[in-house]
Amino acid sequence: PTGMAGFVLANGSMSSSQSGEGEIRKNIIEADLVDCMVAMPGQLFYSTQIPVCLWFLTRNKNDGKFRKRLGETLFIDARKLGTMIDRVHRELTDDDIQKIAGTYHAWRGDRGTGNYEDVPGFCKSAKIWEIREHNHILTPGRYVGAAEVEDDGEPFEEKMARLTAELREQAAESEKLDKLIWANLEDIGYGG
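Quick note, my numbering runs 4 ahead of the 1-based positions in the sequence shown.
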């Protein structure tokens with residue numbers, strides 16, 4: 005994006021206080037340079053399984069090209085996005101990439117991108133005082149919170165009774181299978 009410098013850092017740099025990292029992060033935040041933080045899912049890269057975070061920095065959050073964003077940082081938690089392409093590698097789909105980019109562009113105020121809204125579990129526009137309250141930690145999950153759980157309409161008491169009955173059935177089946185396995189092991193001389 006115009007006027008932006010983005011780079012990737014390991015998750016430790018978002019919250020670590022070792023080797024002066026906490027002080028460096030605090031100074032970057034207090035200078036209002038952090039425009040957006042995007043937590044990516046793990047398994048995106050062939051060289052490492054760990055997740056990374058994209059940092060978007062800007063020197064001017066009031067350049068006249070976009071909306072005035074002074075004292076604000078956008079947090080996006082994209083860790084649940086992507087599709088596994090094999091046992092150990094994940095890829096972001098075009099829709100995933102558009103969801104992340106579209107959210108950022110709407111928040112920044114790009115023309116024709118629609119209105120930005122916080123989405124619990126995915127994105128949150130935080131004020132600098134909120135970041136201070138979190139000791140200058142930049143982990144997006146701290147800010148976006150949990151996604152809203154859709155009510156399935158089943159009353160709690162009925163759901164608990166159903167789930168408890170299913171658990172009893174599964175425990176009984178597990179016990180039967182354990183006995184069968186031990187009996188088979190005894191038959192071949194390894195039981196007991």
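Ideal Cβ placement from N, Cα and C applies to all residues, glycine included.
Does the distance from the C-beta atom of T107 to that of I135 stay below 8 Å? no
Out of M41, T168, W111, H93, state which residue places its alpha-carbon closest to the alpha-carbon of F3. Since the first residue of the chain shown is 5 and the last is 196, residue 3 is not available in this structure.
Give me the Cα-Cα distance between R63 and Q53, rounded to the nearest whole angstrom. 32 Å
Leaving out five residues on either side along the sequence, give the residues of the same chain with a beta carbon under 6 Å from the beta carbon of M44. P55, V56, A82
Below 8 Å on the Cβ atoms is my contact criterion, and I expect W186 with G195 to pass it. Report the Cβ-Cβ distance as a whole number of Å. 5 Å
Helix, strand or coil at K30 [DSSP, three-state]: In the structure shown, K30 adopts helical secondary structure according to DSSP, grouped into three states.
Rounded C-alpha distance that separates M164 from K69: 54 Å
Three-way DSSP call (helix, strand, coil) for T6 in this model: Residue placement at T6 is poorly supported in this model, since its pLDDT is 43, which falls under 50; the coordinates still yield a value, given next. Note: T6 maps to coil in three-state DSSP.
For K128, which three-state DSSP category applies? strand
How would you write the range of the alpha helix (DSSP H) that L189 sits in, first residue to last? 160 to 191
May I have the straight-line CA-CA distance separating A151 from G145, to the nearest angstrom? 11 Å
For the beta strand (DSSP E) that I80 lies in, which residues bound it at each end? It spans 76 to 81 - the beta strand (DSSP E) in which I80 sits, taken as one unbroken run.
With respect to the beta strand (DSSP E) encompassing D39, which residues constitute its N-terminal and C-terminal limits? Per DSSP, D39 belongs to the beta strand (DSSP E) from 38 to 43.
DSSP three-state call for E25: helix, strand or coil? It is helical.
Would you decide whether R112 is buried or exposed? Buried here means 16 or more other CB atoms lie within 10 Å of its CB. buried
Here's the rule: buried if 16 or more other CB atoms are within 10 angstroms of the residue's CB, otherwise exposed. What is Q47? buried
Just to confirm the assignment, what range does the beta strand (DSSP E) spanning V56 have? Its beta strand (DSSP E) spans residues 56 to 61.
So, is R29 buried or exposed, given that buried needs 16 or more other C-beta atoms within 10 angstroms? buried
Where the alpha helix (DSSP H) through T107 begins and ends: 98 to 112
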